[in-house]
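>
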Ligand code: UDP
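Residue numbers (this note's numbering): 4 to 143.
(1) Where does the unbroken alpha helix (DSSP H) through residue 19 begin, and where does it stop?
(2) Could you give the first and the last residue of the continuous alpha helix (DSSP H) run that contains residue 143?
(3) Quick one: is the Cβ of residue 112 within less than 7 Å of any heavy atom of ligand 1?
(4) Ligand 1 heavy atoms versus the CB of residue 120: any closer than 7 Å?
(5) Return helix, strand or coil for residue 71, following the three-state DSSP convention.
(6) What residues in its chain sit with their C-beta under 7 Å from that of residue 97, if we drop five residues either side in the sequence?
(7) Could you tell me the boundaries of the alpha helix (DSSP H) in which residue 42 lies?
(8) With hydrogens ignored, establish whether the beta-carbon of residue 10 is closer than 7 Å to any heavy atom of ligand 1.
(9) Is any non-hydrogen atom of ligand 1 found closer than 7 Å to the C-beta of residue 57, if you look at the structure I gave you?
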């Protein structure tokens, strides 16, 4: 399997509840290495641009409002098969459907406030990493 990088976001519902460390422990325990990390408060323009793929969806406005409701922690995770591994550790979008032991099953509040984002493919991972990080900020 290839060593990959993926973009992770610990969302405002998780920073508000002070559980970033608990989430980071799940990621690291799964073999994902944090090679870049910063805490940000997204602007509306940044959140709209990041989720532009969803702009026609009915939940878009609420999602943007949620994502700017508090700080986030954005991370680059590195490891074997990192994109899929992170998706597996995250669990399904809706915590009601998430498998036992996943981050969303254990921590998410709702389908919207679901604690974490993870890139869904290697090409989107590269785009999402470049959205938040300069190459010099990533230290493998
Ligand atoms: N979302 C929502 N309502 C929905 C579907 C998604 O509020 O019906 C939010 C949720 O925060 C989700 C994000 O929009 O994580 C992006 O949706 P996507 O389908 O890409 O899910 P993900 O890849 O995050 O599992």
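The beta carbon of each residue, even a glycine, is placed where N, CA and C say it ideally should be.
These numbers were taken from a predicted model, which means no experiment stands behind them.
Quick answer:
(1) For the purposes of this step, residue 19 is taken as residue 16 along the chain shown, with counting starting at 1. Run containing residue 19: 15 to 19, per the alpha helix (DSSP H) assignment.
(2) In the chain shown, the residue the question calls residue 143 occupies position 140. Per DSSP, residue 143 belongs to no alpha helix (DSSP H) and is neither H nor E.
(3) For the purposes of this step, residue 112 is identified with residue 109 of the chain shown, where counting begins at 1. No; taking the cut-off as 7 Å, the Cβ of residue 112 has no heavy atom of ligand 1 nearer than that.
(4) Translated into the one-based positions of the chain shown, residue 120 becomes position 117. Correct: residue 120 has its Cβ closer than 7 Å to ligand 1.
(5) Here residue 71 corresponds to residue number 68 of the chain shown, with the count starting at 1. Look at residue 71 here: in three-state DSSP terms it is coil, with no helix or strand label.
(6) For this step, residue 97 is matched to residue 94 along the chain shown. Answer for residue 97: 114, listed in chain order.
(7) As a first step, residue 42 must be located in the chain shown, where it is residue number 39. That residue, residue 42, is in no alpha helix (DSSP H); its beta strand (DSSP E) goes 36 to 43.
(8) In the chain shown, residue 10 corresponds to position 7, counting from 1. Checking every heavy atom of ligand 1 against the Cβ of residue 10, none is found closer than 7 Å.
(9) Looking up residue 57 in the chain shown gives position 54. Correct: residue 57 has its Cβ closer than 7 Å to ligand 1.
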